[in-house]
């Protein structure tokens with residue numbers, strides 16, 4: 001009976017031991033699995049810009065999390081490559097800043113490897129780390145050239161915008177049906193004037209209004225913009241011309257006011273009287289002391 | 001005179017110890033100031049939102065005490081109030097010492113002290129700050145001159161006193177400062193004229209100067225500041241705090257110098273009556289200020305008043321201020337069975353503390369409650385909290401005032417003895433009322 005009880009006790013101990021080991025194993029593996037699963041999702045986005053001087057820029061933005069919990073990932077290394085069809089060409093490594101952004105600058109004139117349609121596919125990838133998952137993106141880009149020319153026909157100001165691109169043979173050809181926004185640079189933003197669409201010659205024509213204010217000699221800066229095109233991205237071209245109405249920015253002198261450089265006369269007179277009145281009495285009393293001293297000497 | 005003059009003789013060891021302790025506190029304040037100049041405003045609690053803190057509260061507080069001292073001493077002088085003669089010098093010393101200590105506090109608020117001269121080079125006469133600089137500097141010169149005028153007869157007595165055990169240079173100094181005063185009728189006449197002229201000009205200067213200080217706030221579009229009654233309110237508050245401080249100083253000198261014969265029960269009672277009147281005036285202005293703000297409040301004003309009633313913010317300070325400036329003084333000083341020299345002094349002490357708190361409540365909470373709240377900044381840039389530097393400079397300021405009193409009362413008697421002893425030398429009243437047929 002005692003042996004039986006001892007055996008049962010041993011079995012109970014073994015069972016408890018097995019359960020504890022099992023629990024520990026589940027705990028360790030479960031935590032590792034959940035840690036692996038708890039890596040945060042990341043998202044890598046890309047944008048293409050062509051600046052007024054012809055320089056191109058591919059911007060990448062790396063974020064982690066979703067919705068309101070989205071955070072910018074800084075100091076992340078991005079590998080940038082060009083897709084050559086059956087292989088890739090490594091371009092560079094970029095590191096994201098505190099805003100999660102990294103920019104690839106391509107000087108004007110530098111020709112990127114492209115497919116038969118003149119399209120370059122740029123790939124970017126982020127390898128991830130212990131807490132963030134990997135992410136990648138690709139963007140198809142193509143060069144476009146915008147030129148602006150100015151003419152006055154019968155006192156009407158005519159703006160011609162020419163858009164060209166490279167064809168498969170590397171020749172420059174016009175771009176058809178391209179929407180280009182025309183605006184004037186103001187102090188903080190671009191004032192939109194109108195939108196033109198290019199014809200089969202790649203030309204868009206706009207009758208420029210007469211009532212746009214310029215600087216003191218009528219100079220304005222015209223800005224032609226293509227917004228987020230599928231291949232050309234966001235393209236900007238700006239050029240100055242004296243098509244604005246000269247505006248005189250001469251500041252008229254302010255009258256004597258509280259807020260102007262010169263105080264109102266009544267205030268100056270009032271303060272003057274108060275100061276002179278007070279100090280006159282001070283010196284009068286000092287004079288009395290002088291007389292007091294003198295009287296002492298005389299006595 | 002001889003009894004009081006004994007206090008001026010060779011100082012005791014305790015006196016030197018006391019001066020050394022006060023000097024060390026002042027020097028620590030200087031060290032704090034040097035640290036502030038070296039490291040900038042970052043080591044103070046002043047930030048983008050609350051650009052002012054206890055320095056400005058101290059500035060208004062000490063300026064108020066100063067103007068009150070001037071108002072009290074000059075009014076007593078002009079009105080020929082005989083019983084108040086023993087208090088004149090204390091009131092004048094309050095004026096000069098608090099003016100010397102208080103005025104620099106506004107400079108401590110400047111981020112670039114090295115550009116202080118710009119105030120004079122580029123100062124605009126339209127700015128209340130320019131008015132204030134002119135008024136304070138003028139007032140300082142006038143009050144210092146008035147303090148000297150009231151000393152001339154005592155200096156003459158000390159010069160002529162035989163057996164006075166003081167250093168030779170001090171005797172010589174008394175001779176120079178006495179301006180050949182021999183007490184001739186002509187000299188008395190000139191001295192009274194000089195006194196009256198200075199007293200007459202100091203009263204309006206002090207009222208204008210303190211009103212100007214109030215307009216620094218009143219002319220700002222901030223909740224809690226933009227008020228038309230701030231001018232008279234500040235002047236009444238100044239007089240209130242000044243009279244309370246004068247009572248404390250009377251008590252201290254009476255006890256420490258055994259001046260029971262000069263500073264009597266009557267003086268405390270009369271000053272207490274004055275304090276009761278000022279309590280009522282102060283209560284009236286405070287009520288007017290808050291009732292008008294509360295009745296037609298904007299959202300920011302509502303937020304500000306909310307802070308004054310919230311015990312986790314400024315509610316406790318506000319409660320202390322209201323209790324000890326309005327209710328406690330009326331009960332203790334107004335009812336005869338509570339009134340004694342000690343109770344009057346104790347209430348005065350609480351009034352002075354409560355009025356410093358009031359200045360803090362004028363400066364800081366409105367700055368923390370602007371019409372356009374500052375956004376996207378750390379909380380410490382919005383809320384004010386004082387640092388060791390500001391506390392050190394405040395304590396050292398108080399120590400400097402005590403030091404000035406300690407040294408000044410060693411140079412000349414704290415009671416204008418010559419004026420009291422010379423009973424016949426009472427100046428003619430400035431205003432005489434004559435009845436027809438009299």
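Residue numbers (the working numbering), protein chains in the order written: chain B, 1 to 299; chain V, 1 to 438. Quick reminder that beta carbons are idealized off the backbone N, C-alpha and C, glycines included. Being a predicted model, the structure only gives us computed values, none of them experimental.
#1: Using a Cβ cut-off of 8 Å, pull out every chain V residue sitting near residue 288(B), in sequence order please.
#2: Counting only C-beta atoms, is residue 276(B) closer than 9 Å to chain V at any point?
#3: Could you pull the start and end residues of the alpha helix (DSSP H) that residue 204(V) belongs to?
#4: Evaluate the contact criterion for the region 96-103 of chain V versus the region 53-63 of chain V: three or more CB pairs, one atom per stretch, below 8 Å.
#5: Alpha carbon to alpha carbon, how far is residue 323(V) from residue 366(V)? Give it in angstroms, no decimals.
#6: Under 8 Å between beta-carbons, which chain V residues line up against residue 176(B)? List them in chain order, please.
#7: Bridge partners of residue 271(B), per DSSP?
#8: Counting contacts by CB-CB distance shorter than 9 Å, is residue 259(B) in contact with chain V?
#9: According to DSSP, residue 174(B) sits in a beta bridge with which residue or residues?
#10: Check residue 303(B) in the structure and name its three-state DSSP category.
#11: Please look up how many angstroms separate the CB atoms of residue 148(V) and residue 158(V), rounded, as I've assumed it's under 8 Å.
#12: Use the C-beta contact count for residue 438(V): other C-beta atoms within 10 angstroms, 16 or more gives buried, fewer gives exposed.
#13: Determine the chain B residues that contact residue 126(V) at a beta-carbon separation under 7 Å, and present them in chain order.
#14: In terms of alpha-carbon separation, which member of 11(V), 404(V), 373(V), 363(V) lies closest to residue 225(V)?
#15: Return no unless some Cβ of chain B is closer than 9 Å to the Cβ of residue 149(V).
#16: Name, going along the chain, the residues of the region 254-272 of chain V whose beta-carbon falls closer than 8 Å to a beta-carbon of chain B.
#17: Can you give the Cα-Cα distance for residue 285(B) and residue 155(V), rounded to whole angstroms?
#18: Can you tell me the Cα-Cα spacing of residue 26(V) and residue 404(V), whole angstroms?
#19: Taking 9 Å as the threshold (beta carbon to beta carbon), is residue 292(B) in contact with chain V?
#20: Rounded to a whole number of angstroms, what is the C-alpha to C-alpha distance between residue 227(V) and residue 68(V)?
#21: Given residue 344(V), which residues of its chain have a CB within under 7 Å of its CB, disregarding the five upstream and five downstream residues?
#22: For residue 87(V), is the classification buried or exposed, using 16 other Cβ atoms within 10 angstroms of its Cβ as the cut-off for buried?
#23: Since residue 297(V) is in the beta strand (DSSP E), which residue starts that stretch and which ends it?
#24: For residue 297(B), return the contacting residues in chain V, with the cut-off set at a CB-CB distance below 8 Å.
#25: So what's residue 438(V) in DSSP terms, helix, strand or just coil?
#26: Write down the C-beta distance between residue 223(V) and residue 301(V) rounded to the nearest angstrom, noting that I regard them as a contact closer than 8 Å.
#27: Does any C-beta atom of chain V lie closer than 9 Å to the C-beta of residue 23(B)?
#28: Quick check: residue 244(V) and residue 352(V), are their CB atoms within less than 9 Å of each other?
#29: Counting Cβ pairs closer than 8 Å, one from the region 200-208 of chain B and one from the region 107-124 of chain B, do we hit at least three?
#30: When the distance is taken between beta carbons, is residue 158(B) closer than 9 Å to residue 222(B)?
#31: Could you round the C-beta distance between residue 78(V) and residue 292(B) to whole angstroms and report it? I think they count as a contact, below 8 Å.
#32: Report buried or exposed for residue 11(B), applying the criterion of at least 16 other Cβ atoms within 10 angstroms of its Cβ.
#33: Does residue 225(V) have its Cβ less than 9 Å from a Cβ in chain B?
#34: Buried or exposed for residue 146(V), going by 16 or more other Cβ atoms inside 10 Å?
#35: Let me confirm a value: residue 218(V) is counted as buried when at least 16 other C-beta atoms fall within 10 Å, else exposed. Which label applies?
Working from what's here:
#1: 190, 191, 193, 194, 197
#2: no
#3: 185-218
#4: yes
#5: 22 Å
#6: None at all; the shortest Cβ gap to chain V is about 47 Å.
#7: Paired residues: none, contrary to the question.
#8: yes
#9: 164(B)
#10: Here chain B has residues from 1 to 299 only, and residue 303(B) is not among them.
#11: That pair is no contact at about 14 Å.
#12: Since pLDDT at residue 438(V) reaches only 42, below the 50 mark, its modelled position is unreliable, and no value is offered.
#13: 258, 263, 267
#14: 363(V)
#15: yes
#16: none
#17: 18 Å
#18: 11 Å
#19: yes
#20: 22 Å
#21: 247, 268, 272, 333
#22: buried
#23: Per DSSP, residue 297(V) belongs to no beta strand (DSSP E) and is neither H nor E.
#24: 180
#25: No answer about residue 438(V) holds up, because its pLDDT of 42 lies below 50 and its placement is not dependable.
#26: 4 Å
#27: no
#28: yes
#29: no
#30: no
#31: About 19 Å; that fails the 8 Å criterion.
#32: exposed
#33: no
#34: buried
#35: buried
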